[in-house]
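Asks: Protein sequences appear in the order of chains W and A. Letter by letter, the first sequence follows residues 108 to 217 in the working numbering. Letter by letter, the second sequence follows residues 13 to 125 in the working numbering.
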Amino acid sequence: GQGVEQPDNLMSVEGTFARVNCTYSTSGFNGLSWYQQREGHAPVFLSYVVLDGLKDSGHFSTFLSRSNGYSYLLLTELQIKDSASYLCAVRVNYAQGLTFGLGTRVSVFP
Amino acid sequence: GPKVLQIPSHQIIDMGQMVTLNCDPVSNHLYFYWYKQILGQQMEFLVNFYNGKVMEKSKLFKDQFSVERPDGSYFTLKIQPTALEDSAVYFCASSLDWGDEQYFGPGTRLTVL
Numbered sequence: 108g109q110g111v112e113q114p115d116n117l118m119s120v121e122g123t124f125a126r127v128n129c130t131y132s133t134s135g136f137n138g139l140s141w142y143q144q145r146e147g148h149a150p151v152f153l154s155y156v157v158l159d160g161l162k163d164s165g166h167f168s169t170f171l172s173r174s175n176g177y178s179y180l181l182l183t184e185l186q187i188k189d190s191a192s193y194l195c196a197v198r199v200n201y202a203q204g205l206t207f208g209l210g211t212r213v214s215v216f217p
Numbered sequence: 013g014p015k016v017l018q019i020p021s022h023q024i025i026d027m028g029q030m031v032t033l034n035c036d037p038v039s040n041h042l043y044f045y046w047y048k049q050i051l052g053q054q055m056e057f058l059v060n061f062y063n064g065k066v067m068e069k070s071k072l073f074k075d076q077f078s079v080e081r082p083d084g085s086y087f088t089l090k091i092q093p094t095a096l097e098d099s100a101v102y103f104c105a106s107s108l109d110w111g112d113e114q115y116f117g118p119g120t121r122l123t124v125l
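1. At the level of alpha carbons, what is the spacing between W/G135 and A/D36?
2. Going by C-alpha to C-alpha distance, which of A/E56, A/R121 and A/G52 sits closest to A/Y45?
3. Counting only the same chain and skipping the five closest in sequence on each side, list residues whose C-beta sits under 6 Å from that of W/G211.
4. Looking only at DSSP bridge pairs, what is A/L67 linked to?
5. Alpha carbon to alpha carbon, what distance is there between A/P20 and W/G160?
6. Going by beta carbon distance, what residues of the same chain come within less than 7 Å of W/T206, once the five residues before and after it are set aside?
7. Can we say the stretch 72-79 of chain A touches the stretch 164-175 of chain W, given the rule of at least three CB pairs closer than 8 Å?
8. So W/S190 and W/V213 are supposed to be a Cβ contact under 8 Å. How far apart are they, rounded?
9. So, using beta-carbon positions, are W/G138 and W/V120 closer together than 8 Å?
10. Please report whether the beta-carbon of W/A149 lies at a distance below 8 Å from any beta-carbon of chain A.
11. For A/Y62, which residues from the same chain have a beta carbon less than 7 Å from its beta carbon, with the 5 sequence-adjacent residues on both sides left out?
12. Check this for me: beta carbons of A/Y102 and A/T120, under 8 Å apart or not?
13. Please work out which residues of its chain come closer than 6 Å, Cβ to Cβ, to W/T130, disregarding the five sequence neighbours upstream and downstream, and give them in chain order.
14. Is DSSP giving A/G84 helix, strand or coil here?
15. Taking C-alpha atoms, which residue in A/N40, A/S70 and A/L17 lies nearest to A/L33?
16. Is DSSP giving W/I187 helix, strand or coil here?
17. Quick one: Cα of W/L181 to Cα of W/K162, how far?
18. So with CB distances below 9 Å, who are the chain A contacts of W/F152?
The structure is reproduced here in structure tokens:
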């Protein structure tokens with residue numbers, strides 16, 4: 108079956124970094140998206156990757172390895188306000204909706 | 013950034029009744045989606061919609077579900093009749109094109125009693 112897996116929780120310290128891992132096993136692959144979601148709010152789009160390698164977007168970077176079915180979201184210079192859930196979502200085929208993971212709750216402490 | 017609105021934010025309804033969830037997508041977007049999230053589970057794709065037609069639907073999109081966007085107004089999800097297992101948060105999303113990022117609304121929490 109299709110599956111997107113993420114760790115449930117991740118704790119880190121303000122000013123350091125956090126890496127949110129995502130592994131997927133799907134019948135097809137047409138890109139992977141990362142979203143940030145706060146309780147009771149809309150998921151906010153962060154990044155979309157479809158080619159292998161690292162994509163740097165300033166405060167965060169995303170990495171993809173299609174052969175390993177693996178991606179990560181790297182948050183650098185963490186701030187308290189980065190505390191949120193981060194969702195990984197795979198587009199299995201071009202016209203289909205996204206297949207989401209459960210999300211990783213990142214908690215940033217002073 | 014672009015915003016998707018959803019009305020209402022919460023809805024409580026008795027089993028067997030009809031409910032309509034409303035979505036106001038980003039104004040120039042052409043592709044629309046509904047997702048369902050049961051408490052403690054991941055968000056799951058229900059249906060996508062373009063040019064007045066359902067393009068693809070998942071096995072979660074039961075016969076009791078229907079979607080429409082009459083005359084460019086709200087994109088709606090109607091459930092008739094509702095069942096207990098329909099209790100969930102329903103998220104609407106829109107995108108400019110098929111491959112573009114999807115922008116999500118804040119969700120409507122539906123409770124079926």
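We treat Cβ as the ideally placed atom computed from N, Cα and C, and that holds for glycine.
Replies: Judging by the given coordinates:
1. Cα to Cα, the separation comes out at about 31 Å.
2. It is A/E56.
3. Looking at the sequence provided, one finds Thr at residue 211 of chain W rather than Gly. Leaving aside the five residues that flank W/T211 on each side, the residues in its chain whose CB is nearer than 6 Å to its CB run, in chain order, Q113, P114, L117, V127 and Y193.
4. Checking the displayed sequence, the identity of residue 67 of chain A turns out to be Met instead of Leu. DSSP lists no partner for A/M67.
5. For W/G160 and A/P20, the distance between alpha carbons rounds to 41 Å.
6. Here the set comprises Q109, V111, T133, A196, V197 and V199.
7. Flag = no, the stretch 72-79 of chain A and the stretch 164-175 of chain W do not touch.
8. Contact flag correct, Cβ pair sits at about 6 Å.
9. No. Outside cutoff.
10. Residue-level contact check: W/A149 touches chain A, since one or more beta carbons of chain A fall below 8 Å from its beta carbon.
11. Contacts found: L42 and Y43.
12. Pairing A/Y102 with A/T120 gives a Cβ-Cβ distance under 8 Å.
13. Hits under 6 Å: E112, G176 and Y177.
14. DSSP, reduced to helix, strand and coil, places A/G84 within a helical segment of the structure shown.
15. Of A/N40, A/S70 and A/L17, the residue nearest in Cα terms is A/L17.
16. Helix.
17. Spanning the two alpha carbons is a distance of roughly 10 Å.
18. Here the neighbours are G13, E113, Q114, Y115 and F116.
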